[in-house]
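Worksheet for the structure shown next.
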Amino acid sequence: MKILVVIVSGILLPGCKNKTISITHEYIVNENWTESVSAIEISKMRLKKDSAINLGNLNQVDVVKSLEIDSSFIYSANVNINLDEGVIRRKVYFGKDNGFFWWTHGGNMKTAILGNLEKNQWYKFSHLLTHPYDVYIFVDGSYVVHRQDVIRSNY
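Heads up: take any position in the sequence shown, counting from 1, add 9, and you land on this note's numbering.
Take a look at the structure:
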């Protein structure tokens with residue numbers, strides 16, 4: 010029985026592994042985007058009153074409990090725009106026109122360019138995978154990105 014569990018685990022687990030998601034202040038690369046999975050939502054975050062986060066010791070609990078969404082900056086997009094031509098976009102720039110629109114929360118305004126992510130600012134990236142998974146980043150004063158991945162099903 011133990012051998013069967015090991016064999017099944019060896020077959021199933023490699024297929025469940027997420028591919029790379031890289032985020033800088035200028036762009037995101039998501040190797041998980043496909044023709045059917047191509048969404049992104051970016052929310053600016055702010056620290057809650059009387060909260061602090063130690064960048065040297067990031068963890069899921071502190072990030073989720075200490076940050077709240079800044080409703081003035083919530084944008085979403087579908088990054089696949091040329092599916093007839095077989096284009097699957099995996100690198101998306103924030104400060105350049107990628108050929109699609111970013112829509113505000115509620116879909117009432119759109120823009121082609123968000124602008125690079127700001128220094129000394131928290132952001133949350135959502136809808137990057139098919140399961141509840143968020144990436145929180147902090148862009149420090151030198152444009153170094155500090156990252157904490159959060160599997161929302163843990164909460």
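Glycine included, every Cβ here is placed at the ideal spot set by N, Cα and C. All figures in this text were calculated on a predicted structure; none of them were measured in a lab.
For Ser31, the uninterrupted beta strand (DSSP E) segment begins and ends at Ile30 to Ile32. Within the same chain, Ile83 come within 6 Å of His114 by CB-CB distance, once the 5 residues on both sides are set aside. Of Asn129, Glu77, Ile122 and Ala48, the smallest CA-CA separation from Phe147 is found for Asn129. With the rule of 3 Cβ pairs closer than 8 Å, the segment 59-79 does not count as touching the segment 98-112.
Minimum Cα-Cα distance from Thr29 among the listed residues Glu50, Arg161, Ser162 and Val144 corresponds to Val144. Here the segment 117-128 does not lie against the segment 40-50, with fewer than 3 beta-carbon pairs under 8 Å apart.
Sequence-distant Cβ neighbours of Ile160 in its own chain, meaning closer than 6 Å and more than five residues away, are Tyr142. Between Leu67 and Arg156, the alpha-carbon positions lie close to 8 Å from each other. Within the model, the alpha-carbon separation for Ser151 versus Gly65 is close to 15 Å. Under DSSP, Trp42 takes part in no beta bridge, so it has no partner. In the three-state DSSP reduction, Lys74 falls in the helix class (H, G or I).
For the segment 125-159, the continuous beta strand (DSSP E) assignments of 3+ residues that do not extend past its boundaries occur at 130-135 and 142-148, in sequence order.
With fewer than 16 neighbouring CB atoms inside 10 Å of its own CB, Ser60 falls in the exposed class. Shown here, Asn117 sits in coil according to DSSP, grouped into three states, outside any helix or strand. Burial of Asn39 is indicated by the presence of at least 16 other C-beta atoms within 10 angstroms of its C-beta.
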